[in-house]
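> For what it's worth, our numbering labels the leading residue of the sequence shown as 537, then goes sequentially.
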Amino acid sequence: MGSFASGVTVVTGCDDGEPVGFACQSFASVSLDPPLVLFCADHRGRAWPRIRKAGGFCVNVLAEQQSDLCDRFGSSRGAKFAGLSWQLSRWGSPVLPGVLARVHARVHEVHAAGDHDVVIGEVLELETPTQDRPMVFFRGGFGIEPELVLPDAWDWA
537 MGSFASGVTV
547 VTGCDDGEPV
557 GFACQSFASV
567 SLDPPLVLFC
577 ADHRGRAWPR
587 IRKAGGFCVN
597 VLAEQQSDLC
607 DRFGSSRGAK
617 FAGLSWQLSR
627 WGSPVLPGVL
637 ARVHARVHEV
647 HAAGDHDVVI
657 GEVLELETPT
667 QDRPMVFFRG
677 GFGIEPELVL
687 PDAWDWA
């Protein structure tokens, strides 16, 4: 699946007042009417069960220069929010600074699928605070190098 380029997000929530979150590449729009999104979360993860219990979440869509946030929330170790400038949204989920978009949602449905849950969220609000370029994960790395994805120039002579 490494040849399928995807955006990178951080899904956040609050459990008993404590912020939790995890990096997630499997995020998509499901429906416009009603507005629904989905993400997939590993059953073994520590953050997802806590977000599920809270019932609400925010999908923070990362910008190209935010690999530090991806590394921080993609790791199984460390205090994810320590030293990070974040705020609590009016919907009760942490929002991260400098992201391309924030999708505030509540858990609508959860479907078990192998070692993951497919989480359907009912969208409550969409924010687009910046117009930066998106973070893209492709073939094991961040970004898309033009020589990897563009065909050779056509010789018109």
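Every residue, glycine too, gets a C-beta built ideally from N, C-alpha and C.
What separation, rounded to the nearest whole angstrom, lies between the Cα atoms of D578 and G549?
In the sequence shown, counting from the first residue as 1, residue 578 sits at position 42. In the sequence shown, counting from the first residue as 1, residue 549 sits at position 13. Taking the straight line joining both Cα atoms gives about 16 Å.
> Compare the C-alpha of C673 against each of S562, D551 and P630 and name the closest.
For this step, residue 673 is matched to residue 137 along the sequence shown. The sequence given here places Phe at residue 673; Cys does not occur at that position. Nearest option by C-alpha distance: S562.
> Going by beta-carbon coordinates alone, are L605 and A559 separated by less than 9 Å?
Taking the first residue of the sequence shown as 1, we reach residue 605 at position 69. Taking the first residue of the sequence shown as 1, we reach residue 559 at position 23. Yes, the pair counts as a contact, with Cβ atoms nearer than the cut-off.
> Take G628 and list the residues in its own chain whose beta-carbon comes closer than 7 Å to its own, dropping the five residues that flank it on each side.
By 1-based counting over the sequence shown, the position of residue 628 is 92. So the list reads C550 and G592, once near-sequence residues are dropped.
> When you compare the region 599-617 with the region 643-652, are there three or more beta-carbon pairs, one atom per stretch, that lie closer than 8 Å?
Contact fails: fewer than three Cβ-Cβ distances are below 8 Å.
> For L572, which residues from the same chain have a beta carbon less than 7 Å from its beta carbon, with the 5 sequence-adjacent residues on both sides left out?
Walking along the sequence shown from the start, residue 572 turns up at place 36. Around L572: V566, H644, I656, G657, E658 and V659.
> I'd like to check one pair, C576 with H640: are the Cβ atoms closer than 9 Å?
Residue mapping note: residue 640 aligns to position 104 of the sequence shown, counting from 1. Residue mapping note: residue 576 aligns to position 40 of the sequence shown, counting from 1. Their beta carbons are not under 9 Å apart, which means H640 does not touch C576 by this criterion.
> Among D653, I587 and T545, which residue has its Cα nearest to the Cα of S555?
Within the sequence shown, residue 555 is the residue found at index 19, counting from 1. The sequence shown places Pro at residue 555, rather than the Ser named in the question. Ranking D653, I587 and T545 by Cα distance to P555 puts I587 first.
> Of the choices A590, V544 and L636, whose alpha-carbon is the least far from that of F609?
Start at 1 with the first residue of the sequence shown, and residue 609 comes out as number 73. Checking every option, the nearest Cα to that of F609 belongs to V544.
> Alpha carbon to alpha carbon, how far is R669 from L624? Give it in angstroms, no decimals.
Within the sequence shown, the letter at position 88 stands for residue 624. Within the sequence shown, the letter at position 133 stands for residue 669. So the two alpha carbons sit approximately 24 Å from each other.
> With a threshold of 6 Å on Cβ separation, who are the neighbours of G581 within its own chain once the five nearest residues in sequence on each side are excluded?
Within the sequence shown, numbered from 1, the residue matching residue 581 stands at position 45. Here the set comprises F558.
> If we call anything under 9 Å between Cβ atoms a contact, is R638 one with N596?
Here residue 638 is taken as the residue at index 102 of the sequence shown, counted from 1. Here residue 596 is taken as the residue at index 60 of the sequence shown, counted from 1. Yes; because the gap between Cβ atoms is below 9 Å, this pair is in contact.
> Quick check: does the Cβ of E663 come within less than 8 Å of any heavy atom belonging to the ligand GTP?
Of ligands this structure carries none, so the ligand GTP is not represented either.
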